[in-house]
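Here the sequence shown stands for residues 0 to 411, numbered as in numbering that gives the first Met the number 0.
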Amino acid sequence: MISSENVQAIFRDIQNKDPELVLEAFTSPEAREVMWKLVAKDHAFVLDNDEKVDYVMQEMVGLGVIETIIKKQETVTDITFNGSELIIARSDLRDPYPYEDQEITEQYILKIIQKFANAVEKEFTPKDPILDASLGYLRINAVHKSVSPYGTTMAIRVSRPKLALTKENFSDFAPEHIYEFLEAAIGAKANIAIAGETGSGKTEFQKFLVSFIPFREKIIWIEDTKEGNLKELFGKSKDILSWVTSAAVTISDFVRTALRNNPKWICVAETRGEEAYEMLQAVLTNHSIITTLHANDVMTIPRRLINMMKLGYQIDEKSTLGDIYRHIHLGIHLKATDVNGKTVRYLSEIAEYNSDGTVNTVFKQRYRDGRFETTVGDISRKLKERMAEHRVNYTGLPKGEIKSEEKGIYTR
């Protein structure tokens, strides 16, 4: 219908005129409609009917089976090609599964990878065998067959701009009184560290906490890859500066820069290294933080932060640990478990760190014999006074142990 040379020429022309529109058109129907009209108008001599415009648009920004999978399954989080099979992972299912609706060849996958490469103006060749790129809410990593003996591989992470955890489905995750407690904790500008294994929903829970922050409190969101999509998620309801690291700019650089932008909140999507030290310095200068990290439970969070700080700084461990216990108010641990082949994510524990180095259990939840058992503690006078200082009207937690019915499922 239209030669590949003509398609490439049209693509380069549109990309030169509006590169951001091209990137958005991969995942945004609205942007794709705008691009369709631009292509039809500027190349009417070659594209003299709608069918030809549709064809060119599909060749330029259409992702074929990838689009189909994402549209059909709201819970898809990862799409992987292992050299011979396309594998789908969903947040509501324990096990990934092969895509069998149509045969997927390596050549078909190469065409999709090349569209990503063209859009971000990168090469994907034996000389440049690894492609990392982001388009809208899709992030791709591809490895060329020249260094992958069983064929080209591709991994696409799907990060939709939506809140997976909301007030409406919170009771599937933890009791409703914990929703009220978390809202009060954010109102009191509490510093919060969220731990849990991979896939337990840490980043989604972090975004849920951000949803409580009012517009008047500026937020700086820092991540390694653009997956949070906070600007798209919250729009103009929040004052958010969203930054993504690069080879030249680290999380530590961004945390230091954040202090010069007068934020109330500094939210690092995941703390993995020496940036933990910079974040503690931010806390000591009256900024509030919400971050995630990998730790086995709430008890090990302070030590994990110390070990990460030591990757880049010589610190006085005793003094620094004291600062952590005094100024990181809450540690939260999330878990995921398998229930009848489906993944259920839940809030496992909330702990309050005390100035004397002790840890106070605020809430604990265990999954036993198909039911959730929850134990509720209390919050310290220090946290109650902090809530009062920030004029947070909070009546407190219920007491005792509660056995609840089997929960539903919240998905990313």
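Quick reminder that beta carbons are idealized off the backbone N, C-alpha and C, glycines included.
Note that this is a predicted model, so its numbers are computed, not measured.
Please classify residue i: does DSSP put it in a helix, a strand, or coil?
{"i": "R174", "result": "Rather than Arg, the amino acid found at residue 174 in this sequence is Pro. Coil, per DSSP."}
{"i": "I155", "result": "strand"}
{"i": "S147", "result": "coil"}
{"i": "T284", "result": "coil"}
{"i": "N48", "result": "coil"}
{"i": "V391", "result": "coil"}
{"i": "H332", "result": "strand"}
{"i": "D100", "result": "coil"}
{"i": "Y54", "result": "helix"}
{"i": "F207", "result": "helix"}
{"i": "F25", "result": "coil"}
{"i": "L240", "result": "strand"}
{"i": "L162", "result": "coil"}
{"i": "I401", "result": "With a pLDDT of 49 at I401, under the threshold of 50, the modelled position of this residue cannot be trusted; read the value that follows with caution. Correct three-state label for I401: strand."}
{"i": "V375", "result": "strand"}
{"i": "Q364", "result": "strand"}
{"i": "G407", "result": "Its pLDDT being 43, under 50, G407 is placed unreliably in this model, and the value from its coordinates should be taken loosely. Reduced to three states, the DSSP call for G407 is coil."}
{"i": "E231", "result": "helix"}
{"i": "R93", "result": "coil"}
{"i": "K71", "result": "helix"}
{"i": "A184", "result": "helix"}
{"i": "V297", "result": "helix"}
{"i": "D223", "result": "coil"}
{"i": "V267", "result": "strand"}
Taking the beta carbon of residue i as the centre, do at least 16 other beta carbons fall within 10 Å, making it buried, or is it exposed?
{"i": "N285", "result": "exposed"}
{"i": "N117", "result": "buried"}
{"i": "N15", "result": "exposed"}
{"i": "A43", "result": "exposed"}
{"i": "P301", "result": "buried"}
{"i": "A173", "result": "buried"}
{"i": "I129", "result": "exposed"}
{"i": "Y276", "result": "buried"}
{"i": "K201", "result": "buried"}
{"i": "A8", "result": "exposed"}
{"i": "R367", "result": "exposed"}
{"i": "R11", "result": "exposed"}
{"i": "S403", "result": "At S403 the pLDDT is 49, less than 50, meaning the model places this residue with poor confidence and gives no usable figure here."}
{"i": "L283", "result": "exposed"}
{"i": "Y412", "result": "Because residue 412 is not part of the residues shown, which for the chain are 0 to 411, the question remains open."}
{"i": "G407", "result": "Because G407 carries a pLDDT of 43, less than 50, the predicted location of this residue cannot be relied on, and the following value inherits that uncertainty. Counting Cβ neighbours within 10 Å, G407 comes out exposed, since fewer than 16 surround it."}
{"i": "S354", "result": "exposed"}
{"i": "S3", "result": "exposed"}
{"i": "S318", "result": "exposed"}
{"i": "Y136", "result": "buried"}
Assuming residue i and residue j are in contact, meaning their beta carbons sit under 8 Å apart, how far apart are those beta carbons, in whole angstroms?
{"i": "G82", "j": "T124", "result": "Wrong, their Cβ atoms sit about 18 Å apart, outside the cutoff."}
{"i": "I288", "j": "A294", "result": "Actually they are not in contact, since the Cβ atoms of I288 and A294 sit about 16 Å apart, beyond 8 Å."}
{"i": "N5", "j": "V45", "result": "6 Å"}
{"i": "E196", "j": "L164", "result": "With 8 Å as the limit, E196 and L164 do not qualify as a contact, their Cβ atoms being about 17 Å apart."}
{"i": "T79", "j": "I69", "result": "About 14 Å separates the two Cβ atoms, so there is no contact after all."}
{"i": "L240", "j": "N260", "result": "6 Å"}
{"i": "I13", "j": "M34", "result": "7 Å"}
Would you call the CB atoms of residue i and residue j closer than 9 Å?
{"i": "F214", "j": "K230", "result": "no"}
{"i": "I219", "j": "W242", "result": "yes"}
{"i": "L134", "j": "F25", "result": "yes"}
{"i": "G198", "j": "A335", "result": "yes"}
{"i": "T104", "j": "S90", "result": "no"}
{"i": "N93", "j": "G340", "result": "The question names Asn, but residue 93 is Arg in the sequence shown. Result yes, Cβ atoms of R93 and G340 sit closer than 9 Å."}
{"i": "L329", "j": "R344", "result": "no"}
{"i": "I221", "j": "A257", "result": "yes"}
{"i": "T299", "j": "E274", "result": "no"}
{"i": "I323", "j": "I305", "result": "yes"}
{"i": "G186", "j": "Y393", "result": "yes"}
{"i": "K263", "j": "L232", "result": "no"}
{"i": "V391", "j": "G376", "result": "no"}
{"i": "V412", "j": "A39", "result": "Past the edges of the chain, shown from 0 to 411, lies residue 412, and the structure says nothing about it."}
{"i": "R365", "j": "E372", "result": "yes"}
{"i": "A88", "j": "P97", "result": "no"}
{"i": "V146", "j": "A132", "result": "no"}
{"i": "A194", "j": "R271", "result": "no"}
{"i": "K383", "j": "T374", "result": "no"}
{"i": "L310", "j": "G356", "result": "no"}
{"i": "M386", "j": "A183", "result": "yes"}
{"i": "V254", "j": "T291", "result": "no"}
{"i": "D100", "j": "T74", "result": "no"}
Compare the C-beta of residue i against all C-beta atoms of chain D and say whether one is closer than 9 Å.
{"i": "I219", "result": "You won't find chain D in this structure, because it holds only one protein chain."}
For this session: Please determine if the stretch 186-194 and the stretch 219-239 are in contact, where contact requires at least 3 C-beta pairs separated by less than 8 Å.
Result: no
Exercise. With a cut-off of 8 Å, do at least 3 Cβ pairs link the stretch 341-351 to the stretch 166-179?
Worked result: yes
For this session: Would you be able to state if there are at least three C-beta pairs under 8 Å between the stretch 293-313 and the stretch 152-159?
Result: no
For this session: Say whether the stretch 139-146 touches the stretch 101-116, bearing in mind that this needs 3 or more beta-carbon pairs closer than 8 Å, one atom from each stretch.
Result: yes
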